[in-house]
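Quick note on my numbering: the sequence shown kicks off at 39 and runs consecutively. Report on one structure; see the data block that follows.
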Amino acid sequence: MKITGIRTATIEIPLRTPFKTALRTAYNVNDVLVCIDTDTEAKGYGEAPPTAVITGDTIPSIRDAIENYIAPALIGLNIDDLEDIEEIIDKSMIHNTSAKAAVDMAVYDLFAKSCGKPLYQILGGARRELETDLTVSVNPVDVMVRDALNAVSRGFHILKIKVGKGGREDVERLKEVRRAVGKDIVIRADANQGWTAKDAIHYIRMMEEEGVDLELVEQPVPAWDLEGMQLVTSQVHTPILADESMFSASDALKILQMHAADLLNIKLMKTGGIHQALKICTLAELYGVQCMVGCMLSSKISVSAAAHLAAGKKVVTKIDLDGPSLCRTDPYTGGPVYDGPGIIMNDTPGLGITQVPGF
């Protein structure tokens with residue numbers, strides 16, 4: 039099975055509600071889609087959301103990277119030569135991790151299809167079903183309570199609450215959400231780099247004392263401040279999850295060596311795809327640290343690639359793959375089934391997605 043062409047397209051999908059974090063507000067999913075054609079009938083699909091405030095990538099930069107730097111180097115290669123292909127993708131240019139991830143997942147889609155198996159089985163086959171959280175955007179307290187209760191009514195038992203924009207108000211947001219949903223719902227807080235280390239310690243300790251009972255706090259400090267995150271991790275009881283601080287396996291190694299966080303959040307758009315994400319999983323296994331697999335604001339293709347990674351590896355114990363649940367519509371055919379908080383992996387080969395608009 040040889041690569042004969044790589045095409046890109048764009049897609050726009052409206053969200054159920056605006057997606058608000060400490061860094062941005064979005065009303066639609068606006069992503070780049072990738073299709074790898076082969077000398078057989080098989081096609082591989084990938085997707086990349088432009089998340090400029092985190093990865094630095096935009097729609098024009100993603101398409102340019104794929105069309106003019108990555109694709110020309112892959113035409114004619116055999117999909118079985120996975121290591122060579124991944125090395126070429128990685129060395130095609132520095133950074134541009136979203137573009138690399140989109141092509142990488144399309145390559146893995148084809149590789150699994152060539153083996154006749156769903157991708158998660160190729161990656162380890164740890165489990166067939168996953169449970170994801172649902173994100174509650176940062177808003178006035180009454181709106182967040184309403185959105186949290188709505189998520190619970192839809193069957194979600196784990197909520198990721200966006201904070202990082204209000205100091206003491208963040209504490210009140212979380213207290214009121216906890217009061218509204220009760221003690222049986224798992225709550226994760228995501229500050230998206232919104233606090234200083236000193237403030238993070240103060241706010242997290244306050245929440246611990248007031249019984250908010252958080253499962254974890256994600257990226258409380260700026261991505262560059264590993265020493266600050268290390269200090270927070272050492273000074274609070276609530277587990278700290280590294281997100282924006284970790285793109286590569288070398289980033290993960292430094293965090294693990296410093297004990298700058300208790301948990302690692304793997305996102306394909308940061309790692310540059312599944313190939314590099316697997317290296318982080320191996321490091322986490324060696325250090326005895328659990329991982330979350332998360333997603334950017336994206337639709338079913340890239341989230342499904344992440345789901346296959348999560349379903350493949352035992353070291354992944356937490357799932358933040360709510361992208362399709364945030365979208366009003368699903369324009370694709372096939373792939374994992376997203377049923378509220380449940381994700382059931384496909385039995386069909388590859389990612390399982392069989393029809394993609396634009397291709």
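Just so you know, even glycine gets a beta-carbon here, dropped at the ideal spot from N, CA and C.
Which of the three DSSP states is assigned to residue i in this structure?
i, result
"Thr135", "helix"
"Asn68", "strand"
"Pro178", "coil"
"Tyr83", "strand"
"Asp102", "helix"
"Phe397", "coil"
"Asp122", "helix"
"Phe149", "helix"
"Thr89", "coil"
"Ile97", "helix"
"Ile74", "strand"
"Val201", "coil"
"Pro110", "helix"
"Asp368", "coil"
"Arg54", "strand"
"Asp171", "coil"
"Asp222", "coil"
"Thr386", "coil"
"Ala164", "coil"
"Ala60", "coil"
"Arg45", "strand"
"Ile127", "helix"
"Ile117", "coil"
"Lys213", "helix"
Identify, in the order they occur along the chain, each residue of the same chain with its Cβ nearer than 7 Å to the Cβ of residue i, setting aside the five sequence neighbours on each side.
i, result
"Ser152", "Met39, Ile117 and Asp118"
"Pro374", "Ser342, Ala345, Ile381, Ile382, Met383, Asn384 and Gly390"
"Ala80", "Met39, Leu148 and Lys151"
"Thr276", "Ile242, Glu246, Leu252, Leu254 and Val255"
"Met131", "Ala103 and Tyr107"
"Tyr376", "Pro362 and Ser363"
"Asn66", "Glu50, Ile51, Pro52 and Leu53"
Which residue wins for smallest C-alpha separation from residue i, given the options the options?
i, options, result
"Leu212", "Leu252, Asn188 and Trp233", "Leu252"
"Thr236", "Gly154, Phe194 and Val270", "One point to set straight first is that residue 236 is Lys, not Thr, in the sequence displayed. Nearest of Gly154, Phe194 and Val270 to Lys236, Cα basis: Val270."
"Arg243", "Leu264, Ser272, Glu265 and Ala218", "Ser272"
"Gly350", "Pro395, Leu161, Glu207 and Thr76", "Leu161"
"Asp358", "Leu316, Glu121, Ser286 and Lys198", "Lys198"
"Ala360", "Glu50, Ile104, Asp171 and Leu61", "Correcting the residue identity first, residue 360 is Asp in this sequence and not Ala. Cα-wise, what sits closest to Asp360 is Asp171."
"Ser175", "Gly202, Pro156 and Tyr158", "Gly202"
"Gly205", "Arg217, Asn66 and Tyr241", "Tyr241"
"Glu50", "Cys329, Thr173, Tyr376 and Arg366", "Arg366"
"Pro362", "Lys155, Met296, Arg184 and Leu53", "Leu53"
"Leu61", "Ala261, Ala140 and Val354", "Ala261"
"Ser337", "Lys155, Leu364 and Tyr65", "Leu364"
"Thr42", "Tyr376, Pro56 and Pro110", "Pro110"
"Thr386", "Gln159, Thr96, Phe57 and Gln268", "Gln159"
"Lys221", "Thr234, Trp233, Gly193 and Val250", "Val250"
"Asp122", "Ser340, Tyr146 and Ile100", "Tyr146"
"Asn68", "Ala287, Pro87, Asp77 and Met267", "Pro87"
Can you find the residues in the same chain that come closer than 6 Å, C-beta to C-beta, to residue i, ignoring five residues on each side of it along the sequence?
i, result
"Lys138", "Ile127, Gly310 and Gly311"
"Ala398", "Any question about residue 398 goes unanswered here, given that the chain covers just 39 to 397."
"Arg165", "Ala349"
"Ala144", "Val72, Ile74, Gly82, Tyr83 and Gly84"
"Lys352", "Ala164"
"Val91", "Leu61 and Arg62"
"Asp95", "Pro88 and Ser136"
Whole-angstrom Cβ separation of residue i and residue j, contact assumed at under 8 Å?
i, j, result
"Thr48", "Val70", "6 Å"
"Gly388", "Leu120", "Wrong, their Cβ atoms sit about 14 Å apart, outside the cutoff."
"Glu169", "Asp142", "The Cβ separation is near 26 Å, so there is no contact."
"Ile304", "Val331", "5 Å"
"Cys329", "Val354", "5 Å"
"Ser231", "Val259", "Inspection of the sequence shows that residue 231 is occupied by Gln rather than by Ser. About 6 Å; that satisfies the 8 Å criterion."
"Ala189", "Ala218", "Ala189 to Ala218, Cβ: 11 Å. No contact."
"Ala290", "Met296", "Contact flag wrong, Cβ pair sits at about 11 Å."
"Lys308", "Thr93", "7 Å"
Going along the chain, which residues of its own chain have a beta-carbon closer than 8 Å to the beta-carbon of residue i, five neighbours each way excluded?
i, result
"Phe397", "Arg45, Ala47, Leu71, Cys73, Lys81 and Tyr83"
"Glu207", "Val179"
"Val224", "Asp171, His195, Ile196, Leu197 and Glu253"
"Met182", "Val174, Ser175, Val176, Ile199, Arg211, Glu214 and Val215"
"Thr59", "Ser175, Val176, Lys200, Gly202, Asp228 and Asn230"
Compare the C-beta of residue i against all C-beta atoms of chain D and say whether one is closer than 9 Å.
i, result
"Gly232", "In the structure shown, chain D does not exist; there is a single protein chain."
Problem set entry | Inside the segment 227–307 only - alpha helix (DSSP H) runs reaching at least 4 residues | 235–247, 264–273 and 287–296
Exercise. Can you give, in chain order, each stretch of the beta strand (DSSP E) that sits fully within the segment 316–363 and has at least 3 residues?
Worked result: 329–332 and 354–358
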